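Quick notes on the structure that follows.
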Amino acid sequence: MRKLAAGNWKMNGTAAALDEARTLIAAHPAPTCDMLLCPPATLIAQLSALAKGTSLQVGGQDCHAAASGAHTGDIAAAMLADAGATHVILGHSERRADHGESDADVHAKALAARAAGLIAIICIGETEAQRDAGTTLDVIAAQMASVPVDMTAQNLVIAYEPVWAIGTGRTPTLDQIAEVHAFLRTRLTGRIGTTAAGVRLLYGGSVKPSNAADIFAIPHVDGALVGGASLKAADFGAIVAALSAA
Ligand code: 13P
1489 MRKLAAGNWK
1499 MNGTAAALDE
1509 ARTLIAAHPA
1519 PTCDMLLCPP
1529 ATLIAQLSAL
1539 AKGTSLQVGG
1549 QDCHAAASGA
1559 HTGDIAAAML
1569 ADAGATHVIL
1579 GHSERRADHG
1589 ESDADVHAKA
1599 LAARAAGLIA
1609 IICIGETEAQ
1619 RDAGTTLDVI
1629 AAQMASVPVD
1639 MTAQNLVIAY
1649 EPVWAIGTGR
1659 TPTLDQIAEV
1669 HAFLRTRLTG
1679 RIGTTAAGVR
1689 LLYGGSVKPS
1699 NAADIFAIPH
1709 VDGALVGGAS
1719 LKAADFGAIV
1729 AALSAA
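In case it helps, this note's numbering puts the sequence shown at residues 1489 to 1734.
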């Protein structure tokens, strides 16, 4: 399986930030893992143009479940593909919290992404209260409802992002990550069948150059979804290098 280093710029970056992507591509012309950046929607077309023919792939951060229509401010999956995106992040905890997205919403968006030829990166993860209550695996099991049962390793990536580890500098222990990822592989196999063996399972939440190698050594961790550290080419490049070496 080819691993995936994915960067989520969230609501950060204007055209000036494209210089970071140029630097990243120049420093990592042929990584042995996939390298993806998901910039704000306003930069997808420009980033896709400069990434064309390079080691860098480009994705969106969300899409609407409908193909078109009266949905002011939203973006259809086919529009992302038209702008050059190959992937789309779905069900990020910030979308679930800020926009009330449910597992059913994420499921519908994943079908739309697949119909447009995009790879869906579906995000799941427990809150701190859920971890403290000992219900992490129950939460993960329930969030499997976000995943359409006929998705495959070709059109699906799962990102495990504990909500309390996002942007906080705190991470689960390596054992805690290992527990969730092994559980995830089993549950995903139950849901989509043997193709689950080839689905990249990313860890996300305060991944940085200093902890990347340890996280990438965990079984069933097939890459990372990186927020803050993806904004700087040097930091994200170091994470790409760690994944390439894993
Ligand atoms: P940080 O890497 O900034 O913690 O963000 C993780 C994340 O939410 C990626 O989608």
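Built from N, CA and C at the ideal position, the CB exists for glycine as well.
Predicted, not measured: the structure shown is a model, and the values here were computed from it.
- Per DSSP, reduced to three states, the secondary structure at residue 1570 is helical.
- Distances between the C-beta of residue 1668 and the heavy atoms of the ligand 13P are all 7 Å or more.
- Listed in chain order, the non-local C-beta contacts of residue 1688 below 7 Å within the same chain comprise 1489, 1491, 1492, 1645, 1710, 1711, local neighbours out to five positions each way being set aside.
- Contact between residue 1635 and residue 1679 holds: CB atoms are separated by about 6 Å, below the 8 Å threshold.
- Looking only at 1628, 1577, 1660, 1512, the smallest Cα-Cα distance to residue 1674 is reached by 1628.
- Distances between the C-beta of residue 1637 and the heavy atoms of the ligand 13P are all 7 Å or more.
- Secondary-structure assignment with DSSP links residue 1551 through no beta bridge to anything.
- Taking 4 residues as the minimum length, the alpha helix (DSSP H) runs contained wholly in the stretch 1659-1732 are 1662-1680, 1697-1704, in order along the chain.
- Between the ligand 13P and residue 1722, a heavy atom-to-CB distance of less than 7 Å is absent.
- Under DSSP, residue 1546 forms a beta bridge with 1525.
- Residue 1572 and residue 1653 have their alpha carbons spaced roughly 30 Å apart.
- Counting the other CB atoms within 10 Å of its CB gives residue 1614 a total of 16 or more, which places it among the buried residues.
- In the assembly as shown, residue 1589 is a buried residue. Its beta-carbon has 16 or more other beta-carbons within 10 Å.
- Pairing residue 1668 with residue 1624 gives a Cβ-Cβ distance under 8 Å.
- For the ligand 13P, a non-hydrogen atom lies closer than 7 Å to the CB of residue 1654.
- With respect to the 8 Å criterion, residue 1641 and residue 1692 are not classified as neighbours on the basis of their beta carbons.
- Assignment of residue 1595 by DSSP, reduced to helix, strand and coil, places it in the helix class.
- For residue 1563, DSSP assigns no beta-bridge partner whatsoever.
- Assignment of residue 1635 by DSSP, reduced to helix, strand and coil, places it in the coil class.
- If one requires a minimum length of 3 residues, the beta strand (DSSP E) runs lying completely within the stretch 1607-1654 are 1607-1612, 1644-1648, in chain order.
- Between residue 1698 and residue 1658, the CB-CB gap reaches or exceeds 8 Å.
- For residue 1587, no pairing in a beta bridge is given by DSSP.
- For residue 1492, there is no enclosing alpha helix (DSSP H); the residue is found in the beta strand (DSSP E) stretching over 1492-1496.
- Residue 1643 sits buried, since 16 or more C-beta atoms from the chains shown fall within 10 Å of its C-beta.
- By DSSP's assignment, residue 1578 forms a beta bridge with 1610.
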